[in-house]
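Chemist: So the sequences go chain by chain: V and X.
Take 260 as the starting number for the first sequence in our numbering and just add one per residue.
Take 20 as the starting number for the second sequence in our numbering and just add one per residue.
Just so it is clear, CB atoms sit at the ideal spot from N, CA and C, and this is done for glycine as well.
No experiment lies behind these values; they were computed from the predicted model shown.
I'd like to ask some things about the structure below.
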Amino acid sequence: MVENDRWSRMLAHAILILGVALVIFPVYVAIIASTHDGQTFLSGTLPLLPGTQAWQNYTTVIFEGRSRAGTPPIAQMLWNSFIMAMTIALGKIAISLLSAFAIVYFRFPFRMFFFWIIFMTLMLPVEVRIVPTFQVVADLGMLNSFAGLSIPLIASATATFLFRQFFMTIPEEMLEAARMDGAGPLKFFRDILLPLSITNIAALFVIMFIYGWNQYLWPLLITTDPGYYTIVMGIQRMVTGGDSEPLWHLVMATVVIAALPPILVILFMQRLFVKGLTETEK
Amino acid sequence: MSSIRIHNLSKVYADGTHAVKGIDLTIRDGEFIVLVGPSGCGKSTLLRMIAGLETITTGDLYIGEQRVNQLEPAQRDIAMVFQNYALYPHMTVYQNMAYGLKNRGWQKSAIEERVRKTAQMLEIEHHLTRKPKALSGGQRQRVAMGRALVREPAAFLLDEPLSNLDAKLRVQMRVEIKQLQRRLQTTSLYVTHDQLEAMTLGDRLVVLNQGQIEQVGAPLEVYQRPETLFVASFIGSPNMNLIPVQAINHPLNQAALATLPQQTDILGVRPDKLLLQPPTTPHIQFECSMTLFEPAGAESHLYMRLCSDEHNLVMRVESMSELFQQPSFTVYAEIQHLHPFNQSSGKRTDS
Numbered sequence: 260m261v262e263n264d265r266w267s268r269m270l271a272h273a274i275l276i277l278g279v280a281l282v283i284f285p286v287y288v289a290i291i292a293s294t295h296d297g298q299t300f301l302s303g304t305l306p307l308l309p310g311t312q313a314w315q316n317y318t319t320v321i322f323e324g325r326s327r328a329g330t331p332p333i334a335q336m337l338w339n340s341f342i343m344a345m346t347i348a349l350g351k352i353a354i355s356l357l358s359a360f361a362i363v364y365f366r367f368p369f370r371m372f373f374f375w376i377i378f379m380t381l382m383l384p385v386e387v388r389i390v391p392t393f394q395v396v397a398d399l400g401m402l403n404s405f406a407g408l409s410i411p412l413i414a415s416a417t418a419t420f421l422f423r424q425f426f427m428t429i430p431e432e433m434l435e436a437a438r439m440d441g442a443g444p445l446k447f448f449r450d451i452l453l454p455l456s457i458t459n460i461a462a463l464f465v466i467m468f469i470y471g472w473n474q475y476l477w478p479l480l481i482t483t484d485p486g487y488y489t490i491v492m493g494i495q496r497m498v499t500g501g502d503s504e505p506l507w508h509l510v511m512a513t514v515v516i517a518a519l520p521p522i523l524v525i526l527f528m529q530r531l532f533v534k535g536l537t538e539t540e541k
Numbered sequence: 020m021s022s023i024r025i026h027n028l029s030k031v032y033a034d035g036t037h038a039v040k041g042i043d044l045t046i047r048d049g050e051f052i053v054l055v056g057p058s059g060c061g062k063s064t065l066l067r068m069i070a071g072l073e074t075i076t077t078g079d080l081y082i083g084e085q086r087v088n089q090l091e092p093a094q095r096d097i098a099m100v101f102q103n104y105a106l107y108p109h110m111t112v113y114q115n116m117a118y119g120l121k122n123r124g125w126q127k128s129a130i131e132e133r134v135r136k137t138a139q140m141l142e143i144e145h146h147l148t149r150k151p152k153a154l155s156g157g158q159r160q161r162v163a164m165g166r167a168l169v170r171e172p173a174a175f176l177l178d179e180p181l182s183n184l185d186a187k188l189r190v191q192m193r194v195e196i197k198q199l200q201r202r203l204q205t206t207s208l209y210v211t212h213d214q215l216e217a218m219t220l221g222d223r224l225v226v227l228n229q230g231q232i233e234q235v236g237a238p239l240e241v242y243q244r245p246e247t248l249f250v251a252s253f254i255g256s257p258n259m260n261l262i263p264v265q266a267i268n269h270p271l272n273q274a275a276l277a278t279l280p281q282q283t284d285i286l287g288v289r290p291d292k293l294l295l296q297p298p299t300t301p302h303i304q305f306e307c308s309m310t311l312f313e314p315a316g317a318e319s320h321l322y323m324r325l326c327s328d329e330h331n332l333v334m335r336v337e338s339m340s341e342l343f344q345q346p347s348f349t350v351y352a353e354i355q356h357l358h359p360f361n362q363s364s365g366k367r368t369d370s
C-alpha cells in the first residue's frame, strides 16, 4: 500500500491542489472579468479581484444582447443551445438504445459486421466527416434549422456500444421469462430493458447533453441566420464580430452564463450519473 | 391442466452437438415428472424445448391434444420457474406476478384477485409491494413460483429451481413444492441433477444420459431395479457398489455365482445391503480392508477395498466396529440383493 506518512500526504495534496488551481484559475478569471467594466480591459492587465459592474454586465448581456455584433440576445442563443443539446442527447439515446437492442437480441445477417461498422465510427470524430456531412445537410436544405444542427450529430457509436455492453449483462433468463409471460420484443424492450437501463440512460444523457451543448464547429458552419446561433458559437461571434474592440466584460459574462446549464445538469443528475457509470443492477 | 406427449424429439445445435436424441415420453395429466441426469445430459435442453425456448429439430410435441412445435412459449399455456428465478428487478413482487396476466389482456380487478390468491397460497402476501432485491433467497424462490402459478397453466416447468438455495431451505422448499403440486394437480416437469430431489419429488423419474432416456419409472422402482449400469451408479447415495464378477470368483462363491444369469460380469449391490455377518440365504462373500471410516450421525459410511483386486467399495454401517481394525474382514451380500449387469451392453441381465 501507499505509505501514509505525513510528508507524502502533504506532497500528494500539494500536487492535487496545484492541479485544481490550474483548472480553476481560468474559470476564476472569467468570473472576475465579468464583474468589471469595459475600460478595465483596455489597460492590458487583468484584475484578479471582483469589480463592481457585475449586475450591470449581466443585465446588459441577458436583456439587450449585442446588436452591433449581429448576435441575438443571449436568451435566444441559450434556448437554441438547449434545443440542440436536448435533441442530440435524447436522439442519441433513442437511436443507440434501439440499435443496441437490435444487435444484442436479434439474429440477422451481417449482425457482427454492422456492429463493427458502428464500433469503428467511434474512432471518427465529427470534425473528420464535417465536409461531407455539411454537403449532405446543405443538399437536404437543412442549413439554418434545428434539424440541421442536431440530426447529423445524433448517430452515436459510443452510446450504442455502452448499451450493448449493458444489455449483455442482463441474464438471458430475463428475456426467456418475458417470453413466457407473453411479452413480444417491443414489450420486452419497453417493460424490461428500458426500466433496467434507466441509470445508464441518465449517465449518457449527462454526457451527451454536455457534448451537444459544447458543439462549436458544427453550428458555426451551418448557421448563418442569427436566429439559430447557439451560445457557444455566439461567444465567438461576439469576439470577432463588430468593428470595435471586443467587449471582454460582456463576453466573459456570456461565458459564465453559457457554462451554467451543463453544471446544473450535472448537479441535478449527479447521483444517477455516478450510479449509471459504476453500478450494475442485477 | 393437460398431458404432454413427446414423440421422437431431437435437438441438434448449429454447431452439430446432438443434445437430445429421439426421446419418447408421455406425461399424464397431473403427473409430477422429474428429469434427472448428470450435467450435459440434455435434460435442460429437453425442458426448454417443451417450453418453446429452444426450437425442435425433429419430432413432435403435444400439449393436450395440440401439436405445439411451432407455437411461441406464451401460446403454449405453460409456465416456467428458472434456476436463477429471473425476476424482473425493477418491478415489485405484485408487478412481477401480474406481468404475464397483464400481457394476456386480463382485467385489472381479475389480476388483483388472482395475484392475491396466489400470494396467499405461497405466504408472500406481505411482500407484494417489495422489490426482489429486498427479499431473501427463499422468498425470491416463492415469488418465482408465484409468477408461474398465478397463470394456472396447463403445465409447470421447473429448471433446477432449488439449486441456488442453501441446504436447509432446499429441503423445506422441496417439501412445499411437492405439497403444492399435490394440491393443485398441475402437470409438472422438474429438472434436477440432484438424485435425492428426484427421488423425493417425482411421481415418476426419467433418468437421462447423453441425450437419451436410460430408464423411466417410479422413484422406488428405479432405485430397486435399475435397468442399466448408468442408472445403477447414478441413483442412490452413496453410490451402488459395482463389483466385477471375476474379482470375487473364488471357490466359496462358485455356487452362488452359478445362479446368476448368463453374460453377467458386473454385480451391483447397494451400500446398505452389504453385511458383516453371514446371512442364512444364499450369498456371496469377499475379503476387504478398511480405507476410511466416515461417521455421519445416524449412519456411517465405511470405505473399503477388495483384497483381491483393489476395487473400492462403500458400505453403510451403524457404528465403528472392532472388526475394521483387522487387516481384513469378510463382507457378505445376499444373492437376492444383487443387481446383475453386463459391462459391454450396460444393461441388466436378469430382465
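In angstroms, rounded to a whole number, what distance separates the CA positions of X/His109 and V/Phe367?
Modeler: Those two C-alpha atoms are separated by around 29 Å.
Chemist: Give me the chain X residues within the contact set of V/Ile451, using Cβ-Cβ distance strictly less than 7 Å, ordered along the chain.
Modeler: The contacting residues are Tyr107.
Chemist: Give the DSSP-derived three-state secondary structure of V/Met260 in the structure shown.
Modeler: With a pLDDT of 49 at V/Met260, under the threshold of 50, the modelled position of that residue is not reliable, and no figure is offered here.
Chemist: Please identify, using Cβ separations under 7 Å, the residues of the segment 163-177 of chain X that lie next to chain V, in order along the chain.
Modeler: The residues in question: there are none.
Chemist: Tell me whether the beta-carbon of X/Ile303 lies closer than 9 Å to the beta-carbon of X/Ile354.
Modeler: Closer than 9 Å, so yes.
Chemist: Counting only the same chain and skipping the five closest in sequence on each side, list residues whose C-beta sits under 8 Å from that of V/Asp543.
Modeler: The requested residue 543 of chain V is not part of the displayed model; chain V covers only 260 to 541.
Chemist: In terms of residues, what are the limits of the beta strand (DSSP E) holding X/Lys40?
Modeler: 37-46 is the span of the beta strand (DSSP E), which, as asked, contains X/Lys40.
Chemist: Is it buried or exposed for V/Met269, if we count other Cβ within 10 angstroms and need 16 for buried?
Modeler: That one is exposed.
Chemist: Answer yes or no: does any C-beta atom of chain X fall closer than 9 Å to that of V/Gly441?
Modeler: So, interface residue.
Chemist: Quick one: Cα of V/Pro521 to Cα of V/Thr392, how far?
Modeler: Distance between the alpha carbons of V/Pro521 and V/Thr392 is about 26 Å.
Chemist: Helix, strand or coil: how does DSSP classify V/Asp450 here?
Modeler: It is helical.
Chemist: Take V/Thr458 as the anchor and find which of V/Pro306, V/Phe425, V/Gly310 has the nearest alpha-carbon.
Modeler: Looking at the Cα atoms, V/Phe425 is the closest of the given residues.
Chemist: What is the DSSP secondary structure of X/Leu261, reduced to helix, strand or coil?
Modeler: Strand at X/Leu261.
Chemist: Establish whether the CB of V/Lys541 and some CB of chain X are separated by less than 9 Å.
Modeler: Only weak support exists for where V/Lys541 lies, its pLDDT of 41 falling under 50; the coordinates are left without a value.
Chemist: Under the assumption that X/Pro238 contacts X/Met218 (Cβ atoms under 8 Å), give the Cβ distance between them as a whole number of angstroms.
Modeler: With a Cβ gap of about 5 Å, X/Pro238 and X/Met218 count as contacting.
Chemist: Name the two residues that bound the continuous beta strand (DSSP E) containing X/Pro92.
Modeler: First-last for X/Pro92: undefined, no H or E at that position.
Chemist: Can you give the Cα-Cα distance for V/Met260 and V/Trp266, rounded to whole angstroms?
Modeler: Residue confidence is low: V/Met260 scores 49 on pLDDT, short of 50, so the model does not pin down where it sits. Its coordinate-derived value is still stated next. About 16 Å.
Chemist: Does the beta-carbon of X/Val39 have 16 or more other beta-carbons within 10 angstroms, so that it is buried, or is it exposed?
Modeler: Counting Cβ neighbours within 10 Å, X/Val39 comes out buried, since at least 16 surround it.
Chemist: Does DSSP put X/Ser252 in a helix, in a strand, or in coil?
Modeler: If DSSP states are grouped into helix, strand and coil, X/Ser252 belongs with the helices.
Chemist: State yes or no: is the beta carbon of X/Tyr32 nearer than 9 Å to at least one beta carbon in chain V?
Modeler: Chain V, which has no Cβ nearer than 9 Å to the Cβ of X/Tyr32, makes this no.
Chemist: Give the straight-line distance between the Cα atoms of X/Val31 and X/Val210, rounded to the nearest whole angstrom.
Modeler: Straight-line Cα distance between these residues: approximately 20 Å.
Chemist: Please return the same chain residues whose Cβ sits closer than 8 Å to the Cβ of X/Arg86, not counting the five positions on each side in sequence.
Modeler: These residues qualify, in order along the chain: Asp79, Leu80.
Chemist: Which of the residues in the segment 419-441 of chain V, read from start to end, lie with their CB under 7 Å from any CB of chain X?
Modeler: Within the segment 419-441 of chain V, the qualifying residues are Pro430, Glu432, Met433, Glu435, Ala436, Arg438, Met439, Asp440, Gly441.
Chemist: Per DSSP, which residues does X/Met116 bridge with? Please list them.
Modeler: Answer is none; X/Met116 lacks a bridge partner.
Chemist: When you compare the CB positions of V/Ile291 and V/Leu275, do they come within less than 9 Å of one another, or not?
Modeler: For V/Ile291 and V/Leu275, no; Cβs fall outside 9 Å.
Chemist: Taking buried to mean at least 16 other C-beta atoms within 10 Å of its own C-beta, is V/Thr428 buried or exposed?
Modeler: Exposed is the call here.
Chemist: From what residue to what residue does the alpha helix (DSSP H) around V/Tyr470 run?
Modeler: That run of the alpha helix (DSSP H) goes 457-472.
Chemist: Under 8 Å by Cβ, that's how I've got X/Leu220 and X/Ile69 pegged, so tell me the actual separation to the nearest angstrom.
Modeler: With 8 Å as the limit, X/Leu220 and X/Ile69 do not qualify as a contact, their Cβ atoms being about 18 Å apart.
Chemist: Could you tell me the alpha carbon to alpha carbon distance between V/Met382 and X/Leu199, rounded to whole angstroms?
Modeler: Near 58 Å, if we compare the C-alpha coordinates of X/Leu199 and V/Met382.
Chemist: With DSSP as the reference, label X/Asp34 as helix, strand or coil.
Modeler: Coil, per DSSP.
Chemist: Give a yes or no on whether the minimum CB-CB distance between V/Ile457 and chain X is below 9 Å.
Modeler: Output row for V/Ile457: interface = yes.
Chemist: How many whole angstroms separate the CB atoms of V/Asn473 and V/Val491, which I take to be in contact at a CB cut-off of 8 Å?
Modeler: Indeed, because the Cβ distance is near 6 Å, the residues count as touching under 8 Å.
Chemist: Contact criterion: CB-CB distance below 9 Å. Does V/Pro368 meet it with respect to chain X?
Modeler: With 9 Å as the cut-off, V/Pro368 does not count as an interface residue toward chain X.
Chemist: Please confirm whether X/Ile255 and X/Gln214 have their CB atoms less than 9 Å apart.
Modeler: Just to set this straight, residue 255 of chain X is Gly in the shown sequence, not Ile. Yes. Within cutoff.
Chemist: Take the Cβ of V/Phe369 as the centre, count every other Cβ of all protein chains shown within 10 Å, and call the residue buried at 16 or more, exposed below.
Modeler: The residue in question, V/Phe369, is exposed, as its Cβ has fewer than 16 Cβ neighbours within 10 Å.
Chemist: For the beta strand (DSSP E) holding V/Gln394, just list the boundary residues, first then last.
Modeler: Unbroken run through V/Gln394 is the alpha helix (DSSP H), 389-398; no beta strand (DSSP E).
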